[in-house]
Amino acid sequence: MVAELVESYAYGLPIDQFWAEFGDVLLQVTRKIHSFETLDQESTQLMSQFESEKQIVPDYFSFRLQLFKLLGGFTDVAERRTKILSPVLIDLYRDEFQPSDNSSQRTEDLTSNRNVEEAPESVEAENVQKPQRYGRKRTSKALQLLLNVFAQFSSAKSVFRESEIREIYEELLLSSEPELQKAALNCVFSYRFKFLTPYRENFENIIDEKKFRDELVRFTIDEQNSVVEEEHRLELMPFLM
């Protein structure tokens, strides 16, 4: 019922009027979630105490999930406001997901021995603190839902901050979470690359653990047995690797 109502507003109201309301709610929820990050240890313990005593605590994480689900009902309208949505996706990935993702590899330009020595400590501190503030499962779910929205866009190259968004897609292809891999793959296919589109089913099989080995053989460098056309090979292989 709520989804149908919001969708009717999305298509019935002038887009600026709708996004003045919906976008403001989305940004407020995001700020609320990030404000929890800055709570000191005492405040965090106090919040836990309230939760254990069954006091009412606003669940902004669940509310954000619902907002992302709603976006899936009017992706064409959402695509016209990527100046709002792209920063939300980038911040969600960089500030919430990456610090809690043990499989992500973050590189830095280390210009001195001092930086080299201190980097592991700072990275370790970051990886220890942030996962305690953001729930891993709900962060992954939020990212997946928002990626599903972006995957439906008709002009992937035109989204706000496209180069950063595409970088996120490509990094998530290496994720250890199959659902995120699949969502990222769908986003990549939204570009409709001529060298990639014919092999969609093959790539979907690649990220399926049960089909991975058999499908990988089909990408052999042997031209006679490979499913990849010669003219596509050069551009396609980086996505496979």
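Numbered as in this note's numbering, the sequence shown ends at 314 without a single skipped number.
Glycine residues also receive a C-beta, built at the ideal position from the N, C-alpha and C atoms.
When you compare the CB positions of G96 and R154, do they come within less than 8 Å of one another, or not?
It is a contact, given that the beta carbons lie within the stated cut-off.
Is it the case that the CB of G208 approaches a heavy atom of the ligand ZN more closely than 7 Å?
Among the components modelled here there is no ligand, and therefore nothing to report on the ligand ZN.
Below 7 Å CB to CB, which residues in the same chain sit around M74 once its five sequence neighbours on both sides are set aside?
Correct list: empty, nothing qualifies.
Is it the case that the Cβ atoms of I279 and L289 are separated by a distance below 8 Å?
Result yes, Cβ atoms of I279 and L289 sit closer than 8 Å.
I believe E244 touches F147 by the beta-carbon criterion, under 8 Å. Please report the beta-carbon distance rounded to the nearest angstrom.
Actually they do not touch by this definition, with Cβ atoms about 28 Å apart.
In or out: S213 buried (at least 16 other Cβ within 10 Å) or exposed?
Looking at its Cβ environment, which holds 16 or more other Cβ atoms inside 10 Å, S213 is buried.
Does the region 149–164 come close enough to the region 244–260 that 3 or more CB-CB pairs lie under 8 Å?
The region 244–260 is not in contact with the region 149–164.
On the premise that V222 lies in contact with L144, defined as a C-beta separation below 8 Å, what is that separation, rounded to the nearest angstrom?
Correct: roughly 5 Å between the Cβ atoms.
Taking all protein chains shown into account, do 16 or more other C-beta atoms lie within 10 angstroms of the C-beta of E169, making it buried, or fewer, making it exposed?
It counts as buried.
Where does S108 sit, in a helix, a strand or coil, going by DSSP?
Three-state DSSP puts S108 in a helix.
Taking Cβ to Cβ, would you say L253 is nearer than 8 Å to Q217?
Yes; because the gap between Cβ atoms is below 8 Å, this pair is in contact.
Would you please state the rounded distance, in angstroms, between the beta carbons of F226 and E152? I believe it to be under 8 Å.
Sure, about 5 Å apart at Cβ, within 8 Å.
DSSP three-state call for L183: helix, strand or coil?
Low local confidence applies: a pLDDT of 33 at L183 is under 50, so the model's placement there is unreliable, and no value is given.
Taking the C-alpha atoms as reference points, what is the distance between L78 and S108?
Whole-angstrom Cα-Cα distance: 30 Å.
Could you check the C-alpha separation between T103 and V301 for me, to the nearest Å?
Approximately 43 Å between the Cα atoms of the pair.
Exposed or buried, K255, counting other C-beta atoms within 10 Å across all chains shown (16 or more means buried)?
It is buried - the Cβ of K255 has at least 16 other Cβ atoms within 10 Å.
Suppose you measure from the CA of V261 to the CA of E303; what does that come to, to the nearest Å?
Cα-Cα distance, rounded: 21 Å.
On the criterion of 16 or more Cβ atoms from any shown chain inside 10 Å, does F316 qualify as buried, or is it exposed?
The question about residue 316 has no answer here: the residues shown for the chain are numbered 74 through 314.
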